[in-house]
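Data block below; observations after.
Numbering (the working numbering), first residue to last: 232 to 447.
Structure below.
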């Protein structure tokens, strides 16, 4: 991953946090003669700088059969937005402004391994469910469904774990812009509505961390 210094994310805990917030990844495995790719929701874990990514695929998906044949890369693509040059006050003052694109992305490299199909797969499914149900007034849990039904469903799944050996993150969120241009981009994104507002919120949080000296 190309990482200009002003956009580089190196801290493993911060990288894991960013991947966890995105949650959905494209996992690509090299088999030597081809590439296998699967898009899947993930559980991202980090402890003392060690990162692991857990996900599952349908047993009918051939990816799991090639999981250990070569290195894998999990790509987490977060919010992204076109940045209109007219949002920069600098454009009106000097004309020196061009369009760009803001984005958040994480690349996690490593080797895949297969989870044990019993308790280990079940635990993964419980964790993934809990992550996405925690905010609900009446969260659903795997135990809400009949045991026999869950066991039947699990037989159609294979759990996979990426042991991460190399982690990179990039936050291109106008960190290198002066306060006026940064504020102009925030205003433009907020006025655009929709997902652009999420990007604006991320930009504001990164600038706050810069100002307070917190790790990005």
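All C-beta atoms in this analysis are idealised placements derived from N, C-alpha and C, irrespective of residue type, glycine included. Treat the numbers as computed from the prediction; the structure is a model and nothing was measured.
Terminal residues of the beta strand (DSSP E) in which residue i lies
i	result
residue 319	Here residue 319 belongs to no beta strand (DSSP E), and DSSP marks it neither H nor E.
residue 343	331-345
residue 281	281-289
residue 400	388-403
residue 260	255-261
Among the options, nearest to residue i - alpha-carbon criterion
i	options	result
residue 237	412, 408, 300, 425	408
residue 272	266, 254, 283, 279	254
residue 349	433, 389, 360	389
residue 281	305, 333, 246	246
residue 405	287, 331, 375, 378	331
Residue range of the alpha helix (DSSP H) that includes residue i
i	result
residue 375	Counting along the chain, residue 375 falls outside any alpha helix (DSSP H), and DSSP gives it neither H nor E.
residue 429	426-443
Environment of residue i [buried if 16+ CB atoms lie within 10 Å]
i	result
residue 347	exposed
residue 441	exposed
residue 269	buried
residue 244	exposed
residue 309	buried
residue 424	exposed
residue 392	buried
residue 412	buried
residue 371	exposed
Same chain only: Cβ atoms within 6 Å of residue i, ignoring 5 sequence neighbours per side
i	result
residue 307	250, 253, 256, 337
Contacts around residue i, its chain only, beta-carbon distance under 7 Å, and the 5 residues preceding and following it disregarded
i	result
residue 394	283, 341, 342, 344
Residue i: CB within 6 Å of a non-hydrogen atom of the ligand COA
i	result
residue 309	The ligand COA is not among the ligands present in this structure, which contains no ligands whatsoever.
Own chain residues within Cβ distance below 8 Å of residue i, not counting five before or after
i	result
residue 426	310, 312
residue 240	234, 246, 249, 337, 399, 400, 401, 402, 447
residue 373	353, 356, 357, 360, 381
Using 8 Å as the Cβ pair cut-off and three pairs as the minimum, do the region 244-262 and the region 300-308 touch?
yes
Under 8 Å, with one C-beta from each stretch per pair, do the region 416-429 and the region 356-372 reach the 3-pair mark?
no
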